[in-house]
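Peer 1: The structure that follows is given in the form of structure tokens.
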Amino acid sequence: MYEKGTSSGRRSPLPPIGYGVPDSVTTREDGNFDVFVRGLDGREKTFKTDNWARSSLTEEAVRGFAGATSFYGSSRTIATAEGIWTSIRRFVAFMEGHKPGLTSFGDIGVGSFREYRRVLIEEAGFTAASAHTMLASLKGILNTLDEEVKLDESVVAYLSIAGPGTGNRPGVSGYSDEIFNRIKISARSEVVAIRSRIRAGRALVERFRLHPEGLTERQQDHARLLECLLRTGTLPSQGIRYTDRTALASEVFLTENDLAPLLILFVAISGMNVEAIKELPAAHTVHDSSAVQVQVVKRRRGDGRWYEPVVWAVGTKSRQLHSPGGFYQLVDELSAPARAIARSDKLLAVWTNTYGRNTVSCRYPWEKRLSHVSLFLNRWAERNKIVDGSTKRELTFNRIRTTYLRRETKTAGGHLPSATRGNTQDVLFNNYLRGDATVIDWAEGVMGETFEELEEDFRARRSHPNGQGHRISTVGDLGRAASEATPTAFLSCRDILHGPYADGEVCDQSALICFSCPNAIVGEGNLPAIVNLLDELHKRSEEVSGPRWWSDYGQAWLAITDDILPRFTAAQIDSAKSDPSLKVPLKLLEDRI
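The opening residue of the sequence shown carries number 1142 in the working numbering; numbering runs sequentially from there.
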């Protein structure tokens, strides 16, 4: 044993010589390998190479996988570990058939990786995005072997290239407000029934414990059965049909059938990711009976970013199913007996029928993986008639959350910093709001209103004596002055040497300044360039912000639409539109007024 204790001038105790981190890789007598992985979410799994192709690359691949799933690796959960395990197993099998006998990944050239990608897409039926994901998994494994295996630089470069479908893709569109409200109403009504059912069953058990004489003999028998069930989580193996066991247990416990409405309502009123809700802890702090604070698993990449404290308002008892804090307390109440029997530290615990290898009745549903329990959301939606006209709507937690975040963002006036709660602004916009049809329509309406307000403000300042520039003085005077004037990019100039901006010198201002210059005149010959410019200004309004557009191009646009085009006939304007001459270089629009 090493010496314990510290004091001033005394070194910290050290472990015995030879201590090291336990190796997660075990070599079995039959030559296969076992790799033990423990994720940051507490889940554990041992991966075995029993079904791998016999290859000299196997040991190196297993070591790389162990490094990628270690504390310093890129894979921090069992779910991601399973994905890269499948990727490396498939690649080793491919290489054994492609170039058998290789003993190191350092001997594999970039051509083999290209061929592997081709086989995945053309022969195995993977999409280009899925093939890239599998290659990216290989890169994470090979990175951990970098000190032992010298990879070809071309291989590293090839695996580092972003593949198709890896950019920011807009998330799915949310639901209309009508459908969203119906989803919440349906889920809330089912939760009310669940709450009433369990509270009634537990109240019967409590009456049996305190005053059994007040119950009929039949009620006492039923209460005795529920009391044993509530205390131990088990039912007698004889005398109760298997199909009746769940119905009986549901009188005092949550069951898997209750999970769908509970999770749907929780996402709808909290806006939290359903994976985070599944992993909510039972440990929490209540502040002044008005707020609940819990530590939420965020599954973010990087050390120290996996957990985040969240504070939810509790609300009044009558609003328990409308506030996330109050709803958390209700789920805590309903899950408590099953959680105690299961000895789980998670919020949600349910009773399940024991069968086969499943000998534990009360358990945390997602102990193995977050997708372990099938919730059948579309069946729930069909049962509750969540439809849009005659078309059945697919029900997903992502769409529910998108709708919640959309409403929060609209409440904040579209100001993302104010709307951001559980995500960064980039994640909120790219993954939830950018692809939502309602957000797009609403944003277009907001932009339209903003554009109109800017136009009114610009017109007011333009007509004011101290506003920007002057109105074109001789618009519509198409006599000899227009034909004899000096042509500019869009208009003509009556005196290019004596303008308001450079008296006595050739004017060197932007061509757009002509639209606010008193020396500018216009003739029918200028129309093709002007019409082309107007089209370019409309395109540019979609590329720059409203204030920037009005500052740079507002004067020219108002001069064209208010002063110039009204002086010509529709036939003259149509003729100018069909004339491709005098194409205006786009770079002229980049000059600031």
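Ideal Cβ positions, reconstructed from N, Cα and C, are used throughout, including at glycine. Here the structure is a predicted model, which is why all the values come from computation and not from measurement.
Relative to the C-alpha of residue 1546, which candidate in 1657, 1411, 1655 and 1462 has its C-alpha closest?
Peer 2: Shortest Cα-Cα distance from residue 1546 to any of 1657, 1411, 1655 and 1462 involves 1411.
Peer 1: Could you check the C-alpha separation between residue 1523 and residue 1390 for me, to the nearest Å?
Peer 2: Cα-Cα distance, rounded: 26 Å.
Peer 1: Taking all protein chains shown into account, do 16 or more other C-beta atoms lie within 10 angstroms of the C-beta of residue 1482, making it buried, or fewer, making it exposed?
Peer 2: buried
Peer 1: According to DSSP, what are the bridge partners of residue 1662?
Peer 2: 1633
Peer 1: Using 8 Å as the Cβ pair cut-off and three pairs as the minimum, do the region 1474–1488 and the region 1403–1422 touch?
Peer 2: With a cut-off of 8 Å, the region 1403–1422 and the region 1474–1488 count as touching, because enough Cβ pairs lie within range.
Peer 1: Which partner residues does residue 1347 have in the DSSP bridge list?
Peer 2: Note: residue 1347 sits in no beta bridge, so no partner.
Peer 1: Specify the secondary structure class of residue 1290 as computed by DSSP and reduced to three states.
Peer 2: coil
Peer 1: Leaving out five residues before and five after residue 1342 in sequence, what residues of the same chain have Cβ atoms less than 7 Å from its Cβ?
Peer 2: 1367, 1392 and 1393
Peer 1: Would you kindly work out how many angstroms separate the C-alpha atoms of residue 1656 and residue 1712, rounded to a whole number?
Peer 2: The C-alpha of residue 1712 is placed about 23 Å away from the C-alpha of residue 1656.
Peer 1: If I'm right that residue 1626 touches residue 1652 with Cβ under 8 Å, what's the distance once you round it to whole angstroms?
Peer 2: Going by Cβ atoms, the distance from residue 1626 to residue 1652 rounds to 15 Å, so no, they are not a contact pair.
Peer 1: Do residue 1254 and residue 1299 come within 8 Å of each other at the CB atom, strictly closer than that value?
Peer 2: For residue 1299 and residue 1254, yes; Cβs fall inside 8 Å.
Peer 1: Quick one, are the C-beta atoms of residue 1467 and residue 1432 less than 8 Å apart?
Peer 2: no
Peer 1: Quick one: residues in its chain with C-beta nearer than 7 Å to the C-beta of residue 1727, no 5 flanking neighbours on either side, listed in chain order?
Peer 2: At residue 1727 the pLDDT is 49, less than 50, meaning the model places this residue with poor confidence and gives no usable figure here.
Peer 1: Any chance the region 1165–1177 sits against the region 1197–1215, with 3 or more Cβ pairs inside 8 Å?
Peer 2: yes
Peer 1: Out of 1328, 1409, 1380 and 1494, which one is the CA nearest neighbour of residue 1525?
Peer 2: Minimum Cα distance to residue 1525 is reached at 1328.
Peer 1: Take residue 1172 as the anchor and find which of 1179, 1185 and 1196 has the nearest alpha-carbon.
Peer 2: When only C-alpha atoms are compared, the closest one is 1196.
Peer 1: Out of 1276, 1250 and 1247, point me to the one whose CA is closest to residue 1261's CA.
Peer 2: 1276
Peer 1: Output the boundary residues of the alpha helix (DSSP H) element that contains residue 1465.
Peer 2: 1465–1483
Peer 1: Hey, residue 1739 and residue 1356: beta-carbon distance below 8 Å or not?
Peer 2: Nothing in the structure corresponds to residue 1739, since the chain is present only between 1142 and 1734.
Peer 1: According to DSSP, residue 1506 sits in a beta bridge with which residue or residues?
Peer 2: None, per the DSSP bridge assignment.
Peer 1: Taking only the alpha-carbon atoms, compute the straight-line gap between residue 1409 and residue 1351 and give it to the nearest angstrom.
Peer 2: The straight-line gap from Cα to Cα measures roughly 39 Å.
Peer 1: Just to confirm, is the Cβ distance from residue 1681 to residue 1690 under 8 Å?
Peer 2: yes
Peer 1: Can you give me the C-alpha to C-alpha distance between residue 1231 and residue 1507, rounded to a whole angstrom?
Peer 2: 28 Å
Peer 1: What three-state label does DSSP hand residue 1453 in the structure shown?
Peer 2: strand
Peer 1: Cutting at 6 Å between CB atoms, please list the residues of its own chain near residue 1286, excluding the five before and the five after it.
Peer 2: 1205
Peer 1: Taking the alpha helix (DSSP H) that residue 1239 belongs to, which residues open and close that run?
Peer 2: 1219–1239
Peer 1: Per DSSP, what kind of secondary structure is residue 1432 in: helix, strand or coil?
Peer 2: strand
Peer 1: In terms of alpha-carbon separation, which member of 1707, 1376 and 1636 lies closest to residue 1668?
Peer 2: 1707
Peer 1: Give the straight-line distance between the Cα atoms of residue 1750 and residue 1514, rounded to the nearest whole angstrom.
Peer 2: The structure shown does not extend to residue 1750, since the chain is modelled only from 1142 through 1734, so no value can be given for it.
Peer 1: Report all residues from its chain with a CB closer than 7 Å to the CB of residue 1266; omit the five preceding and five following residues, and keep chain order.
Peer 2: So the list is empty, once near-sequence residues are dropped.
Peer 1: Could you tell me which of 1437, 1332, 1384 and 1670 sits nearest to residue 1400, measuring between CA atoms?
Peer 2: Nearest of 1437, 1332, 1384 and 1670 to residue 1400, Cα basis: 1332.
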